[in-house]
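Comments concern the structure below.
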Amino acid sequence: MTKNSVLEEKQIELLDLIKIVFQYKWYISVVVVLFAAFSVTYSLLATPIYTSTAIVAPNSQAGDSMSKIAGQFGGLASIAGIDLGGGGNDDKVDIALKVLTTWGYIETFVEKHDLAKDLLAVEKWNKNTRKVIYNPDVYDSESGKWKGEYAEAPPSSWILYAEFLLHINVAEDKNSSFIEISIEHESPDIAKKWVDLIIKDINDYMREVDEKEARNKISYLEKQISETNIAEMRTIFYQLLEQQSKTLMLADVSDEYVLKTISSAKVAEERTRPKRAVIVVISTFLGGMFAVFTAILYGVFRREQSK
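When we follow full-length UniProt numbering, the leftmost residue of the sequence shown carries the number 1, and every step to the right adds one.
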């Protein structure tokens with residue numbers, strides 16, 4: 001078979017496919033319209049989700065002070081058997097971000113602020129009243145009791161933890177050290193509130209950890225001072241004691257102990273998803289592809305049967 005004959009055969013096959021498409025154009029049109037109508041209906045009925053985002057950065061003031069203390073007195077502390085640390089605030093930020101998404105911390109966070117119903121029972125958000133409407137089959141807002149699958153036993157901490165992870169997003173820019181903390185929720189008011197609570201609580205948590213550690217070191221140093229008669233060692237202990245007291249003081253200087261807010265969270269005015277235009281375009285395109293493919297498949301099958 002010559003090259004020209006092969007090209008002619010391919011052209012004939014292409015023309016046959018085009019003829020099949022035109023033959024079933026009404027079927028294709030109906031399928032495309034149905035896909036488009038379904039996508040429009042879905043995008044209109046789907047519950048809007050709003051996102052609130054805050055930008056934070058390491059609080060360098062506390063970190064720099066702690067690094068200087070560790071650098072100046074680290075050697076003395078090692079003699080006394082005390083680890084002052086020396087990683088600075090970057091290490092504290094890394095720890096805070098790790099803690100932020102752990103099961104134990106989120107369990108405490110959800111319980112402290114009573115977030116369970118807003119995680120699992122929200123049906124929709126009323127834009128006019130700015131109130132959350134709960135699914136009556138899941139949660140009775142009047143009595144405050146769970147219903148349905150949680151009627152006998154409230155949702156476990158693992159279920160709440162897994163659900164909370166679907167709402168939160170933490171993105172760290174290693175180049176700029178800026179961190180975006182975002183919350184997605186049916187209510188833009190709740191999304192903003194949660195972001196604020198997250199930043200406040202993780203700062204409080206890290207402050208409490210450092211304060212507890214500093215108090216333990218102070219107690220240890222005071223005990224060593226009372227039990228030591230060597231003047232040089234007592235001098236070292238007093239110097240370390242002074243620095244641990246400074247640590248406690250630094251912990252009380254700022255409410256934003258580890259993470260400092262650069263751009264506070266705002267109440268979103270527009271939904272994040274569903275993106276109606278994108279849904280309609282993609283769904284309509286897929287519907288068209290499906291209709292053309294099935295029409296060609298059916299047309300070729302009919303022709304083969306008629307031979």
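Glycine included, each C-beta is placed from N, C-alpha and C at the ideal position.
All values reported here derive from a predicted model rather than from experimental measurement.
Through-space distance from residue j to residue i, alpha-carbon basis
i	j	result
Leu120	Tyr139	9 Å
Lys98	Ile202	11 Å
Lys200	Ser264	12 Å
Gly144	His167	23 Å
Asp173	Ile230	50 Å
Leu297	Gly287	15 Å
Asp94	Ile55	16 Å
Ser156	Asn169	22 Å
Arg207	Ser226	28 Å
Closest Cα partner of residue i within the set the options
i	options	result
Ala162	Trp103, Trp194, Met233 and Arg271	Trp103
Val280	Ile28, His185, Ser43 and Leu165	Ser43
Leu100	Lys147, Ile179, Arg302 and Asn175	Ile179
Ala191	Ile106, Thr108, Phe237 and Asp118	Asp118
Lys92	Trp194, Val170 and Val209	Val209
Ala46	Trp125, Ala214 and Ala96	Trp125
Ala96	Thr284, Gly287 and Asp204	Asp204
Ile218	Arg207, Thr228, Tyr238 and Glu227	Tyr238
Leu240	Leu250, Glu222 and Ser226	Glu222
Glu270	Ser141, Asp137, His185 and Glu152	His185
Cβ shell of residue i (< 8 Å), same chain only, five flanking positions each side left out
i	result
Asn135	Ala121, Val122 and Glu123
Ile159	Leu120
Contacting residues, own chain, Cβ-Cβ under 6 Å from residue i (five flanking each side not counted)
i	result
Gly299	Ile20
Gly87	Any reading at Gly87 is ruled out, since the residue's pLDDT is 48, under 50, leaving its predicted position unreliable.
Residue j beta carbon less than 9 Å from that of residue i
i	j	result
Phe35	Phe293	no
Ala57	Ile183	no
Gln244	Met233	no
Val32	Thr284	yes
Arg303	Asp16	yes
The ligand FMN heavy atom lying under 8 Å from the CB of residue i
i	result
Phe38	With respect to small molecules bound, the structure shown includes none, and the ligand FMN cannot be examined in it.
Strand pairing of residue i, partner residues [DSSP]
i	result
Tyr50	His185
Glu172	Ile179
Ala57	Lys260
Own chain partners of residue i with C-beta closer than 7 Å, once the 5 adjacent residues on each side are dropped
i	result
Asn59	Asn89, Ser254, Glu256, Tyr257, Val258, Leu259 and Lys260
Arg273	Ile49
Ala295	Ile20, Val21, Tyr24, Tyr27 and Ile28
Pro188	Tyr50, Ser52, Val267 and Ala268
Phe164	Ile106, Val110 and Leu119
Ser176	none
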